[in-house]
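In what follows, a structure is listed as structure tokens, so that the remarks can point back to it.
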Amino acid sequence: MSVVVIQPRRHTRLLAPFRRSPSLAAGSLIAGFVIAAAILAPVIAPSDPNAQDMAIRLAPATLSHWLGTDGFGRDILSRLIYGARPTLAIISLVALLMAPLGITIGMVAGYYGGFVDRVLMRFTDMVMSFPRLILAFAFVAVLGPGLINAALALALTSWPPYARQARVETQAVRRSDFLAAAEMLGIRGPRLIFGHILPIVTPLAIVRIALDLAGMVLIAAGLGFLGLGVLPPTAEWGKMVADGTPVIFDQWWVAASPGLAILVLSLGFNLIADGMRDLMDPRHG
Amino acid sequence: MTSADSAANSHYRSRAVAAGFVLARWLGSMAIGIAGLIFVTFLFTHLSSIDPVIRVVGDKASPETYAAAKAALGLDQPFVVQFVDYALKILSGDLGTTWSTGQPVLSDLTRAFPATFELATVAIIIGAIAGVGLGILAGLWPGGWRDMAVRLLSLMGYSVPIFWLGLLALLFFYARLHWFGGPGRQDVLYELATEHVTGLMLIDTWLSGDADAFRDAVSHIALPALVLAFYSTAGIARLTRAAILEELHKEYVITARAKGASQFRVVFRHILPNIRAAIITVIALSYAVLLEGAVFTETVFAWPGIGRYLTISLFASDMPAILGGTLVIGVCFVTLNALTDVVVGRLDPRINP
Chain A
0 MSVVVIQPRR HTRLLAPFRR SPSLAAGSLI AGFVIAAAIL APVIAPSDPN AQDMAIRLAP
60 ATLSHWLGTD GFGRDILSRL IYGARPTLAI ISLVALLMAP LGITIGMVAG YYGGFVDRVL
120 MRFTDMVMSF PRLILAFAFV AVLGPGLINA ALALALTSWP PYARQARVET QAVRRSDFLA
180 AAEMLGIRGP RLIFGHILPI VTPLAIVRIA LDLAGMVLIA AGLGFLGLGV LPPTAEWGKM
240 VADGTPVIFD QWWVAASPGL AILVLSLGFN LIADGMRDLM DPRHG
Chain B
0 MTSADSAANS HYRSRAVAAG FVLARWLGSM AIGIAGLIFV TFLFTHLSSI DPVIRVVGDK
60 ASPETYAAAK AALGLDQPFV VQFVDYALKI LSGDLGTTWS TGQPVLSDLT RAFPATFELA
120 TVAIIIGAIA GVGLGILAGL WPGGWRDMAV RLLSLMGYSV PIFWLGLLAL LFFYARLHWF
180 GGPGRQDVLY ELATEHVTGL MLIDTWLSGD ADAFRDAVSH IALPALVLAF YSTAGIARLT
240 RAAILEELHK EYVITARAKG ASQFRVVFRH ILPNIRAAII TVIALSYAVL LEGAVFTETV
300 FAWPGIGRYL TISLFASDMP AILGGTLVIG VCFVTLNALT DVVVGRLDPR INP
């Protein structure tokens with residue numbers, strides 16, 4: 000009996016935020032769609048993304064190639080579907096690198112305070128005042144293009160907001176009873192920070208990641224556009240726009256569809272961010 | 000000491016001391032930022048997979064030649080000594096010579112800088128006017144159709160890849176509709192005729208007195224500036240809207256309304272002066288971000304500024320040119336960020352700089 004009562008209630012609670020915020024629902028739908036396309040790429044792509052056919056290069060949309068072909072006669076639709084993979088890989092990698100880095104620095108600064116805090120926050124402010132995009136370019140230009148380097152470059156310049164946020168939250172719980180209790184039990188140093196403070200600062204950091212995703216998509220695509228992303232012939236949206244640049248006046252579809260894909264994914268993440276902001280801060284509605 | 004005491008103290012602190020304090024703080028954060036930038040580019044030169052010695056002597060050089068060249072480049076020195084040498088060289092204005100053309104990087108960059116400055120400035124003027132205007136519209140009628148339209152527009156501004164937007168703008172407004180001039184800063188026709196006084200094409204063609212040349216310069220800068228402006232409009236509009244909403248129900252606004260002030264007067268005489276610090280902050284920060292966005296816009300529109308210089312150097316793997324461009328944009332960025340803090344502190348005494 001009780002099972003029957005609880006199940007539908009849990010169901011509504013899970014869907015409630017989506018119902019309250021159409022932005023969140025629309026954004027999640029878009030992001031879910033792109034993620035599904037990336038995972039199912041081998042199943043749903045009509046042809047091999049790297050198969051060349053110079054006889055039909057730069058062909059407009061036809062029944063066999065729904066979005067036309069690029070300069071090597073490759074099917075643009077298939078490349079578009081496969082192109083979701085490196086973009087999603089880069090932004091996941093950046094999120095996994097920058098958040099822990101920023102959180103650790105913020106927690107250490109907030110917990111120890113004093114001199115450590117001043118030095119670490121000065122450093123954080125300094126990195127924050129750097130031009131993110133330009134430093135990422137220079138970093139990849141120096142270390143060579145590739146997915147890992149691109150992600151590393153973005154992570155190394157994007158962590159400061161996480162550090163600031165984690166520091167403020169750590170300071171707020173610094174004098175709390177539960178930390179005092181943990182310290183009395185002899186828990187201190189890394190174990191206290193990662194075991195007892197980390198769970199406090201994690202939720203807001205995850206929210207922050209969600210807010211940052213859209214910007215990451217654009218920067219990752221920008222790196223690809225400048226030839227600093229994944230190496231050819233791997234399909235990547237930014238690189239596909241760059242490939243279409245020389246023929247934009249005559250064969251506009253080569254650059255148009257991958258750019259639209261970037262716009263759609265970024266829009267999806269922005270809608271999610273907007274929805275989350277609406278839910279958390281009613282004033283923004 | 001109570002908070003009332005400290006408030007009284009800061010009130011009585013003489014203006015000159017306060018100004019000096021602000022200036023010192025500004026110089027301090029700028030110096031730290033620039034030192035950090037120099038250190039980062041120094042690290043980059045060491046991380047590079049290209050061996051600078053082999054670049055000089057070639058990969059068939061004997062060990063003796065290699066060692067001699069290494070010593071000549073100062074690469075046999077300890078890390079710290081190398082950094083100090085590097086920093087002193089940079090601070091004296093020597094950014095090295097490019098690998099591809101052998102020109103001094105600094106002179107290349109000073110030639111390219113006005114183009115970027117001109118583009119970013121025109122863009123931020125358009126973006127600030129459009130952004131503040133749209134933000135006011137959305138903020139005064141929250142939830143209405145104006146608000147929805149502005150929200151949609153700023154969502155697009157946040158989501159669109161700027162290089163793609165530039166390409167589409169070129170395709171439609173230049174190639175198809177012929178509304179604007181094409182890539183570059185000028186038509187070939189006027190290129191040799193214009194005397195370069197300031198390096199800012201709009202001013203140079205204006206000074207030349209040739210109305211056609213000026214019109215040509217305007218039609219060339221319009222499209223890239225609009226594309227770049229779209230990028231900053233979103234952020235400025237969103238912040239202005241939020242700030243207006245915050246103020247709208249405060250008592251001073253209600254008082255002004257009760258005294259019969261018009262909507263226009265309430266916004267421009269009462270609300271805007273109170274939120275100007277926030278607006279100026281976001282405009283200044285957007286301006287800094289525009290310098291970055293210029294990399295894409297300049298590449299797409301063949302605009303001969305620092306951004307295009309950077310991408311050309313990228314394709315040539317020209318390390319000194321890349322690092323020089325990074326440093327110059329970085330210094331502008333850091334300076335703008337530091338300057339924003341100072342200006343905002345002066346404009347809004349509630350914010351302690």
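If you read the protein sequences in the order shown, they are chains A and B.
Read in numbering that gives the first Met the number 0, the first sequence has 278 at position 279, and its numbers run on one by one without any break.
Read in numbering that gives the first Met the number 0, the second sequence has 182 at position 183, and its numbers run on one by one without any break.
Cβ atoms here follow ideal geometry from the backbone N, Cα and C, with glycine treated the same way.
Since this is a predicted model, take the numbers as computed values, not measurements.
For a quick check, are the C-beta atoms of residue i and residue j less than 8 Å apart?
i	j	result
Phe177(A)	Phe332(B)	no
Gly292(B)	Ile161(B)	yes
Gly165(B)	Thr310(B)	no
His219(B)	Gly156(B)	no
Leu287(A)	Gly237(A)	Only positions 0 to 284 of chain A appear in this structure, which leaves residue 287(A) out of reach.
Gly95(B)	Gly306(B)	no
Val118(A)	Glu168(A)	no
Glu245(B)	Val252(B)	no
Ala241(A)	Leu313(B)	no
Leu335(B)	Ala257(B)	no
Leu197(A)	Met125(A)	no
Ile38(A)	Val216(A)	no
Applying a beta-carbon distance threshold of less than 9 Å, which residues of chain A neighbour residue i?
i	result
Val341(B)	Within 9 Å Cβ-Cβ: nothing; Val341(B) doesn't reach chain A, min ~14 Å.
Phe314(B)	Leu225 and Gly226
Ala242(B)	None at all; the shortest Cβ gap to chain A is about 12 Å.
Does the beta carbon of residue i sit closer than 8 Å to a beta carbon anywhere in chain B?
i	result
Gly82(A)	no
Gly274(A)	no
Ile261(A)	yes
Ala209(A)	no
Leu278(A)	no
Phe32(A)	no
Gly226(A)	yes
Met0(A)	Note that Met0(A) scores 42 on pLDDT, short of 50, meaning its location in the model is unreliable; the coordinates nonetheless yield the value given after this. Judged by the 8 Å Cβ criterion, Met0(A) is not in contact with chain B.
Phe114(A)	no
Count the other CB atoms, across all protein chains shown, that sit within 10 Å of the CB of residue i; report buried if there are 16 or more and exposed otherwise.
i	result
Met279(A)	exposed
Ala220(A)	buried
Leu153(A)	buried
Ile147(A)	exposed
Ala35(A)	exposed
Ser106(B)	exposed
Tyr230(B)	buried
Asp58(B)	exposed
Val3(A)	Its pLDDT being 47, under 50, Val3(A) is placed unreliably by the model, and the measurement read from it follows with that caveat. Exposed.
Leu26(B)	exposed
Ile123(B)	buried
Arg131(A)	buried
Thr298(B)	buried
Arg184(B)	buried
Ile43(A)	exposed
So, is the C-beta of residue i closer than 8 Å to a C-beta in chain A?
i	result
Tyr157(B)	yes
Pro160(B)	yes
Trp302(B)	no
Ile321(B)	yes
Gly35(B)	yes
Asn351(B)	Unreliable placement is indicated for Asn351(B), whose pLDDT of 49 sits below 50; the coordinate value is still reported in the next sentence. False, the Cβ-Cβ gap to chain A never drops below 8 Å.
Asn336(B)	yes
Thr97(B)	no
Glu291(B)	yes
Phe179(B)	no
Leu238(B)	no
Val149(B)	no
Thr109(B)	no
Val79(B)	no
So which residues on chain A does residue i lean against when the C-beta distance must stay under 8 Å?
i	result
Gly329(B)	Phe129, Pro130, Ile133 and Leu134
Listing by chain order, which chain B residues have their CB less than 7 Å from the CB of residue i?
i	result
Asn269(A)	Leu154, Tyr157 and Ser158
Ser265(A)	Ser158
Met125(A)	Ile31, Gly32 and Gly35
Leu230(A)	Chain B residues near Leu230(A): none, gap ~15 Å exceeds 7 Å.
Please list the partners that residue i has in chain B, where partner means a Cβ-to-Cβ separation under 8 Å.
i	result
Arg121(A)	Ile31
Ala37(A)	Residues of chain B passing the Cβ test: none, with the nearest at roughly 18 Å.
Run down chain A in chain order and give the residues with a C-beta less than 7 Å from the C-beta of residue i.
i	result
Leu170(B)	Ile247, Phe248 and Trp251
Phe357(B)	Because chain B spans 0 through 352 in this model, residue 357(B) falls outside it and cannot be assessed.
Ala174(B)	Phe248
Could you list which residues in chain B have their beta carbon closer than 9 Å to that of residue i, in chain order?
i	result
Val93(A)	What Val93(A) touches in chain B: nothing, since even the nearest Cβ is about 17 Å away.
Gly258(A)	Val159, Pro160, Phe162, Trp163, Leu164, Leu166 and Leu167
Thr244(A)	Phe162, Leu166, Thr298 and Val299
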